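Numbering (this note's numbering), first residue to last: 249 to 436. Worksheet for the structure shown next.
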């Protein structure tokens, strides 16, 4: 059996141990990776700081070209005239939203039939609450907003009730606002 001599001076020799295969070879009885040959992943082609594909990502280049200082990736809606150096807008190049006119269109957007069941549950529960409390206003005060049906319209009164209603009522009951007087009366 031959023994392999390696350089002790730190100089790389032509020994085979210094030249590993560029890809893994599958040996007999090995488990796991079965591919023989170079493995090129799509990830290696992404633009990045190592400038794998610098032409796709100029922001990582050290050149920092002046044309790309305000580059946003948006297509221009015109061109630069070479003679005058001015930007000439072209109407045909301008991007537009094309929206069809749906007046008189009979089909409606699809809504699952399960939604009807949920709406019916909320409506029935809310009607029971109205019968229990006596009026819609009292039922609204004792019902979580997500459980009301139909959902309440946001008015200035409901906004005030949500933000300050409880605070004002409790302060009034405690007498923090003082006695209520008419404009003509004076307090002794």
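All C-beta atoms in this analysis are idealised placements derived from N, C-alpha and C, irrespective of residue type, glycine included. This one's a predicted model, so the numbers in the text were calculated from it and none came from an experiment.
Could you tell me which residues DSSP puts in a beta bridge with residue i?
i: residue 328; result: 335
So, residue i versus residue j, is the Cβ gap smaller than 8 Å?
i: residue 370; j: residue 395; result: yes
i: residue 337; j: residue 326; result: yes
i: residue 401; j: residue 391; result: no
i: residue 397; j: residue 374; result: yes
If we ignore side chains and look at the alpha-carbon of each, how far apart do residue i and residue j end up?
i: residue 365; j: residue 372; result: 11 Å
i: residue 340; j: residue 356; result: 33 Å
i: residue 335; j: residue 317; result: 17 Å
i: residue 418; j: residue 363; result: 40 Å
i: residue 410; j: residue 345; result: 40 Å
i: residue 424; j: residue 408; result: 19 Å
i: residue 331; j: residue 342; result: 23 Å
i: residue 379; j: residue 426; result: 37 Å
Could you give the residue range of the alpha helix (DSSP H) that holds residue i?
i: residue 370; result: 361–381
i: residue 354; result: First-last for residue 354: undefined, no H or E at that position.
i: residue 416; result: 414–422
i: residue 404; result: 404–408
i: residue 388; result: 384–389
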